[in-house]
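A short worksheet on the structure shown next.
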Amino acid sequence: MSANRAIPAPKEDPTTKPFWDAARAGKFLIGKCKDTGKHFWYPRGCSPFTLSNNVELVEAKGTGTIYTFTVMRSKEPHALAYVELDEGPRIFTNIVDCDLDALKIGQKVKVVLKPTEEGGAPVPMFTPA
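Counted from 1, the sequence shown has number 20 at position 20 by UniProt numbering; the numbering is strictly sequential.
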């Protein structure tokens, strides 16, 4: 990812505030359905498995593997990817701080929380582990 590429601040609302507050504290949270024990992404107030509101935010390991990716060869080259978290869910994200030509499907990655414009909450992205 280009060092000059600006990352827009996320739009926060009352349902996403706990996630962004945790990101500000350096924690990467994901959702967990308390009925099934399954993890999910994106964190929200209802389980995608049961539609119940019996969910919680839990701290993720912050590690996973590249499921698929593409490199955008634009003015500011960057990599977009689906990362499969070790907990199971897949997250659409950026792969940063690396040689874009060296990325591979199945490569191990770890989360990094990248600062955003205008002092917004940092956003989770991934870098090779």
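We put the beta carbon where it would ideally sit given N, CA and C, even for glycine.
Nothing here was measured: the structure is a model prediction, and the numbers come from that model.
Asked	Found
If you count every other CB in all the chains shown that lies within 10 Å of the CB of threonine 68, and 16 or more means buried, which is it?	exposed
What are the start and end residues of each continuous alpha helix (DSSP H) run of 4 or more residues lying completely inside the segment 2-62, in chain order?	17-24
Could you name the residues of the same chain whose beta carbon sits closer than 8 Å to that of threonine 63, not counting the 5 residues immediately before and after it, in chain order?	Leu85, Asp86, Lys108, Val109, Lys110, Val111, Ala129
Between tryptophan 41 and isoleucine 30, which are expected to be in contact by the criterion C-beta below 8 Å, what is the C-beta distance as a whole number of angstroms?	6 Å
In three-state terms, what does DSSP make of lysine 76?	One point to set straight first is that residue 76 is glutamate, not lysine, in the sequence displayed. DSSP places glutamate 76 in coil when its eight states are reduced to three.
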